[in-house]
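Asker: These protein sequence lines are chains A and B, in that order.
Under my numbering, think of the first position of the first sequence as 1, with each following residue one higher.
Under my numbering, think of the first position of the second sequence as 1001, with each following residue one higher.
Backbone N, C-alpha and C fix where the C-beta goes; we use that ideal spot for every residue, glycine too.
From a predicted model like this one, the values you see are computed outputs, not experimental measurements.
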Amino acid sequence: MNRALSVEGLTRRFAGAAGGGALTVFEDLWFTVAEGECACVIGHSGCGKSTILNILAGLDAPSEGHIIAEGKEVVGPSLDRAVIFQGHALMPWLTALANVELAVSSRHPRWSKRAVREHALKYLALVHLDGSEMKKPAQLSGGMRQRVGIARALAIEPRMLLMDEPFSALDALTRGALQDEVLAVRAKTRQTIFMITHDVDEALLLADKVLLMTNGPKARIAEIVENTLPRERTRAELHKLANYYPLRNHLIEFLVTRSRELALTDGPSPQERRNPPIVRPTASFTQHASTSAPAQSTAQSTAQSTAQSAAQPPAQAAPPCTASTRVCVA
Amino acid sequence: MRSAAAPIRSGCIDMLSSLTLRAALVSLALLGTFLALWHIATLGSGPVVKMDPQYAKLMGAAAAQGKSAMPTPADVGAKIWQHMQNPFYDRGTNDKGLGIQLAYSIARVGAGYLLAVAIAVPAGFLIGMSPLMHRALDPFIQVLKPISPLAWMPLALYTIKDSSISAIFVIFVCSLWPMLINTAFGVASVRREWLNVAKTLEMPAWRTAWRVILPAAAPTILTGMRISIGIAWLVIVAAEMLVGGTGIGYFVWNEWNNLSIANVITAILFIGLVGMALDQLMACLQRFVSYAD
């Protein structure tokens, strides 16, 4: 098993405002991300998604628990964990090229100016911005600025990419174009990615697994949904894949009702928290949802004692109803 | 359908509508009105008063002959022309050209101001980046800031014992505060996002300060510098009136003692023009470092 990232018992509390007690944003989170995998966190506002990302990036410290990245504990920011911020966070007084060069020269302080420049230009070309390098951020569109942010993060050739709702500030068309770019980059570099998003379709397009968080405060990971869609997927053809709608419905059902319901319940035992259930929604769920709708999910679920590795089941269609542990309603 | 005459007319109207042109016309009209009123006010005042010749000498020939003591616009114009023709003459201690006096003043301002920049900007950085130093130094800054430059003068003269250096010291101490406070504010309000980017790129503190904080805070720092140069120029005129010797402030006071009001008005005009030039210089620098956000 090749773990790029292991989160163990992560808790974040904020000191209470005047009169109130401490606010626990999330508690006792345990999950892993394997090398080359793309993991996505989905949840409502206030469940602490950005806080998790900040802690992973080293910009914030957890109240309890620790994070092991590449075998070492995360105690501060590192060039090995590049961040793509929600608002592009480009320096407005520098051109696009200078912004990327700043990152490259931070990573390779001994390189000559020309080497830095060439490296930066290469990555700007990767995000299709050649021709706009000498423009300042104010002269670029929102999508172009975010592309520069992506180029900047990729140019330092990090071990892991952390993306904080990278496309939420953009319009739908630009978002689609940038998702395609990220897919293409992933195909080339096989980067380990940890992403936060609100967009269910984006998660299904980009992620290998989706972590579902209940509502805050005291948010926890309810489930890990494994993305069983084939690896080579495109945005245009996504909705034609057999398992797309079951997966999508499952995620939406979670966001609409279950995230709140689960937040109100007591929650699993500490042992169960270490291994959140890994779920693979299938077509049987869709069938079931159209006849009658019980409150619980009847998706295929497999409880495992150790965390899952990144291996994807190759089948595209739903497997037949044979496993004994599966709840099957047909 | 537009007639043939319409394009020409609309062209003129376009020109006339240009805001700059209209503003210029209004300015000229105001200036003209002011000069006209001035001229009317100084045309003449009442009958000749019989007075003691010595008293008449004391009060100046103009007052004794029933003319207005205030110079007319024409007198002032002639004086300005006279000064501009030969600005750098030097005929002794109390008789130097306007150009030389202005040069002395600008030199003193330059010295005091640059010294203030050298102290205020680094100190402002320190205060902006360290909440501890901010709290610790705040009482001192708040108490020293409102002290008038002329109140510093006796202390400066007593310790420094040199009137020119005292004037420079007073410039220094008064142009310090706006720069210090603005720099501290600019540094403290650098966007957290940019600092986070620097952190994730593992930039050491000095590199963050030089490549991120300084350019980010530069517009605010330059605003402080622009305010300070205005204050410095104000202070030098007052300080020179007090300590004398050379400089435009001394020139004004000297010409007042000579009751040469035309010279006084000329000097006032040039003080204003130089002050404007200094401010425009700072504005130019400010445009250079500003960025669209």
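#1: Is it buried or exposed for residue 236 of chain A, if we count other Cβ within 10 angstroms and need 16 for buried?
#2: For residue 1255 of chain B, which residues from the same chain have a beta carbon less than 6 Å from its beta carbon, with the 5 sequence-adjacent residues on both sides left out?
#3: Under three-state DSSP, which class holds residue 85 of chain A?
#4: Measuring alpha carbon to alpha carbon, tell me which of A/187, A/211 and A/189 ends up nearest residue 197 of chain A.
#5: When DSSP builds the beta bridges, which residues end up paired with residue 209 of chain A?
#6: What are the residues that DSSP puts in a beta bridge with residue 51 of chain A?
#7: Under 8 Å between C-beta atoms, does residue 1255 of chain B make it to chain A?
#8: Among A/126, A/225, A/133 and A/219, which has the Cα closest to the Cα of residue 183 of chain A?
#9: Return the Cβ separation of residue 1182 of chain B and residue 59 of chain A in integer angstroms, given the expectation that the two are a contact with Cβ distance under 8 Å.
#10: Tell me the residue span of the beta strand (DSSP E) that contains residue 1279 of chain B.
#11: So which residues on chain A does residue 1194 of chain B lean against when the C-beta distance must stay under 8 Å?
#12: Between which two residues does the beta strand (DSSP E) harbouring residue 1072 of chain B extend?
#13: Using a C-beta to C-beta distance shorter than 8 Å, which residues of chain B count as neighbours of residue 102 of chain A?
#14: So which residues on chain B does residue 57 of chain A lean against when the C-beta distance must stay under 7 Å?
#15: Could you please tell me which residues of the region 1125 to 1144 of chain B, in chain order, have their CB closer than 9 Å to any CB of chain A?
#16: Output needed for residue 291 of chain A: all residues of its chain with C-beta closer than 8 Å, excluding positions within five of it in sequence on either side, in chain order.
#17: Report the residue from B/1274, B/1217, B/1246 and B/1119 whose alpha carbon sits nearest the alpha carbon of residue 1230 of chain B.
#18: Under 6 Å Cβ to Cβ from residue 219 of chain A, same chain only, skipping five residues before and after it: list those, please.
#19: Is residue 168 of chain A close to chain B, meaning its C-beta is less than 8 Å from at least one C-beta of that chain?
#20: Where are the alpha helix (DSSP H) runs, 4 residues long or more, that stay fully inside the region 1072 to 1145 of chain B, in chain order?
#21: Could you work out which residue in A/201, A/53 and A/140 is closest to residue 96 of chain A when comparing CA atoms only?
#22: Buried or exposed: where does residue 1140 of chain B fall if 16 or more other Cβ atoms within 10 Å of its Cβ makes it buried?
#23: Any residues in the region 1164 to 1198 of chain B with a beta carbon nearer than 9 Å to a beta carbon of chain A? Which ones, in chain order?
#24: So which residues of chain B does residue 41 of chain A contact, with C-beta pairs closer than 8 Å?
#25: Tell me the DSSP secondary structure of residue 1172 of chain B in three-state form.
#26: Reducing DSSP to helix, strand and coil, say where residue 1185 of chain B ends up.
#27: Along the chain, where does the alpha helix (DSSP H) that runs through residue 182 of chain A open and close?
#28: Can you list, in chain order, the residues of its chain whose CB lies under 6 Å from that of residue 1121 of chain B, leaving out five sequence neighbours each side?
#29: Touch check for the region 146 to 160 of chain A and the region 186 to 193 of chain A: three-plus C-beta pairs under 8 Å?
#30: Does the beta-carbon of residue 1192 of chain B have 16 or more other beta-carbons within 10 angstroms, so that it is buried, or is it exposed?
#31: With respect to the beta strand (DSSP E) encompassing residue 263 of chain A, which residues constitute its N-terminal and C-terminal limits?
Answerer: Concretely, from the data shown:
#1: As a first step, residue 236 of chain A must be located in the first sequence, where it is residue number 236. Looking at its Cβ environment, which holds fewer than 16 other Cβ atoms inside 10 Å, residue 236 of chain A is exposed.
#2: Residue numbering aside, residue 1255 of chain B sits at position 255 when the second sequence is read from its first letter. Correct list, in chain order: 1263 and 1264.
#3: On the first sequence, residue 85 of chain A is found 85 positions in, with the first residue counted as 1. It is coil, neither helix nor strand.
#4: Here the question's residue 197 of chain A lines up with position 197 in the first sequence. Nearest of A/187, A/211 and A/189 to residue 197 of chain A, Cα basis: A/211.
#5: Position 209 of the first sequence, counted from the first residue, corresponds to residue 209 of chain A. Its beta-bridge partners are A/39 and A/226.
#6: Within the first sequence, the letter at position 51 stands for residue 51 of chain A. Looking at the DSSP assignment, residue 51 of chain A forms no beta bridge with any residue, so it has no partner.
#7: The residue labelled residue 1255 of chain B in the question sits at position 255 within the second sequence. By this cut-off, residue 1255 of chain B is not an interface position.
#8: Residue 183 of chain A sits at position 183 when you count from the first residue of the first sequence. Residue 183 of chain A has its Cα closest to that of A/126, out of A/126, A/225, A/133 and A/219.
#9: The residue labelled residue 1182 of chain B in the question sits at position 182 within the second sequence. The residue labelled residue 59 of chain A in the question sits at position 59 within the first sequence. Not quite, the Cβ-Cβ distance comes to about 28 Å (not below 8 Å), so this is no contact.
#10: Taking the second sequence and counting its residues from 1, the one referred to as residue 1279 of chain B is at position 279. Per DSSP, residue 1279 of chain B belongs to no beta strand (DSSP E); it is in the alpha helix (DSSP H), 1261 to 1289.
#11: Position 194 of the second sequence, counted from the start, is the residue given in the question as residue 1194 of chain B. Near residue 1194 of chain B (Cβ distances below 8 Å), the residues of chain A are 89 and 91.
#12: Your numbering for residue 1072 of chain B matches position 72 in the second sequence. Looking at the DSSP string, residue 1072 of chain B is not in any beta strand (DSSP E), and its letter there is neither H nor E.
#13: Indexing the first sequence from 1 puts residue 102 of chain A at position 102. By Cβ distance, chain B contributes 1201 and 1211.
#14: The count along the first sequence starts at 1 and reaches residue 57 of chain A at position 57. Near residue 57 of chain A (Cβ distances below 7 Å), the residues of chain B are 1200.
#15: Contact residues of the region 1125 to 1144 of chain B toward chain A are absent (C-beta to C-beta distance below 9 Å).
#16: The residue labelled residue 291 of chain A in the question sits at position 291 within the first sequence. Here residue 291 of chain A scores only 35 on pLDDT, less than 50, and its place in the model should not be relied on; the value that follows carries that caveat. Nothing listed; no residue qualifies.
#17: Along the second sequence, one-based indexing puts residue 1230 of chain B at 230. It is B/1274.
#18: Here residue 219 of chain A is taken as the residue at index 219 of the first sequence, counted from 1. The residues are 26, 47, 48 and 213.
#19: Mapped onto the first sequence, residue 168 of chain A falls at position 168. False, the Cβ-Cβ gap to chain B never drops below 8 Å.
#20: Runs found: 1073 to 1085, 1098 to 1129 and 1131 to 1144.
#21: The count along the first sequence starts at 1 and reaches residue 96 of chain A at position 96. The shortest C-alpha separation from residue 96 of chain A is found at A/140.
#22: One-based indexing of the second sequence puts residue 1140 of chain B at position 140. By the Cβ neighbour-count rule, residue 1140 of chain B is exposed, with fewer than 16 other Cβ atoms within 10 Å of its own.
#23: 1191, 1193, 1194, 1196, 1197 and 1198
#24: For the purposes of this step, residue 41 of chain A is identified with residue 41 of the first sequence, where counting begins at 1. Within 8 Å Cβ-Cβ: nothing; residue 41 of chain A doesn't reach chain B, min ~19 Å.
#25: As a first step, residue 1172 of chain B must be located in the second sequence, where it is residue number 172. Reduced to three states, the DSSP call for residue 1172 of chain B is helix.
#26: Indexing the second sequence from 1 puts residue 1185 of chain B at position 185. Three-state DSSP puts residue 1185 of chain B in a helix.
#27: Numbered from 1 along the first sequence, position 182 holds the residue referred to as residue 182 of chain A. Run containing residue 182 of chain A: 172 to 189, per the alpha helix (DSSP H) assignment.
#28: Residue numbering aside, residue 1121 of chain B sits at position 121 when the second sequence is read from its first letter. Excluding sequence positions up to five before and after residue 1121 of chain B, its CB lies within less than 6 Å of the CB of 1183, all in the same chain and listed in chain order.
#29: yes
#30: What you label residue 1192 of chain B is simply residue 192 of the second sequence in a count that begins at 1. Around the beta carbon of residue 1192 of chain B, a 10 Å sphere encloses fewer than 16 other beta carbons of the protein chains shown; the residue is thus reported as exposed.
#31: For the purposes of this step, residue 263 of chain A is identified with residue 263 of the first sequence, where counting begins at 1. Looking at the DSSP string, residue 263 of chain A is not in any beta strand (DSSP E); the run it does join, the alpha helix (DSSP H), is 259 to 264.
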